[in-house]
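K.L.:
For any residue, its number in the numbering used here is found by taking its place in the sequence shown, counting from 1, and adding 7. We put the beta carbon where it would ideally sit given N, CA and C, even for glycine. Quick caveat, the model's predicted, so the values are computed rather than measured. Here it is, the structure, as structure tokens.
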Amino acid sequence: MDLYKYILAFMISINMTLLIMVNTVCLASIKYNTFKKWLINHTFKVNYKAYYNHDKENKILHIRITFKILKGLNRKLLGLEIINDEFTINITRYGSINEVNKRLAERLRLNEEELNILKDIGVLIKNLGNSTEVLTTKDGPPSWWEEPPYLPRYAYEKDGDVYKATDPII
């Protein structure tokens, strides 16, 4: 009689272990699918453009880099279509605009022809190309600490009004 109790207890413990394992696998699968859907909803194709404006009087170069959201499953999610990032460079640090050295051109990623246009006209618009980005709002990033350990962990850095996914954390 005791042998039957032990066998029954053993069978129950195996069934409970299997039940727990199946539930864990199902929950992990659900979490992965949730993360995958989130990633699809937050992946956008964007076009980067740089607007260079040279203020010859004050020897300042104003630069505005924009990216326009071209394509994405949920473009209305962010609530905006164009994101701007503006900054200025004091050219006196590099010499006059006519003596702009190679370092400034490299920093701005301008070739010689583009640099000459900027020197002569004072304005240059450059298409920097398309890119696929994972973008989200302040409240949007998934709670990665609640996700299964095999999913990638991303850091997000502020880029204008949105947050852009950086490289995965290892």
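When you compare the CB positions of K52 and T173, do they come within less than 7 Å of one another, or not?
P.N.:
No, Cβ-Cβ distance for K52 and T173 is not below 7 Å.
K.L.:
Which term fits V130, buried or exposed, when burial requires 16 or more other beta carbons within 10 angstroms of its beta carbon?
P.N.:
V130 comes out exposed.
K.L.:
For the ligand FAD, is there any heavy atom lying closer than 6 Å to the beta carbon of L117?
P.N.:
Looking for the ligand FAD in the displayed structure turns up nothing, as the structure carries no ligands at all.
K.L.:
So, is T41 buried or exposed, given that buried needs 16 or more other C-beta atoms within 10 angstroms?
P.N.:
Burial call: exposed.
K.L.:
With a CB to CB cut of under 8 Å and the five nearest residues on each side skipped, what residues in its chain are close to L15?
P.N.:
Here the model assigns L15 a pLDDT of 49, short of 50, so the residue's position is not dependable, and the following value carries that caveat. Closer than 8 Å at the Cβ level, and outside the excluded window around L15, lies no residue.
K.L.:
Kindly indicate which three-state DSSP category E119 falls into: helix, strand or coil?
P.N.:
E119 falls in the helix class under three-state DSSP.
K.L.:
For K43, which three-state DSSP category applies?
P.N.:
K43: helix per DSSP, three-state reduction.
K.L.:
Whose CA, out of R116, L135, L125, Y170, lies closest to the CA of N60?
P.N.:
That would be L125, whose Cα lies nearest to the Cα of N60.
K.L.:
Output needed for E164: all residues of its chain with C-beta closer than 8 Å, excluding positions within five of it in sequence on either side, in chain order.
P.N.:
Correct list, in chain order: Y170, K171, T173.
K.L.:
Can you name, in chain order, every residue of its own chain whose Cβ lies under 6 Å from the Cβ of D166, other than the five neighbours on each side?
P.N.:
So no residue of the chain qualifies.
K.L.:
Give the DSSP bridge partners of T139, in chain order.
P.N.:
In DSSP, T139 forms a bridge with K52.
K.L.:
What does DSSP give as the partner residue(s) for T173 in the beta ladder?
P.N.:
According to DSSP, T173 bridges with nothing at all.
K.L.:
In whole angstroms, what is the alpha-carbon distance linking T143 and I47?
P.N.:
Whole-angstrom Cα-Cα distance: 12 Å.
K.L.:
Look up K126 in the DSSP assignment and say whether it is helix, strand or coil.
P.N.:
Helix.
K.L.:
Just curious, the beta strand (DSSP E) that K165 is in, first and last residue?
P.N.:
Taken as a continuous stretch (DSSP letters only), the beta strand (DSSP E) holding K165 covers 160 to 166.
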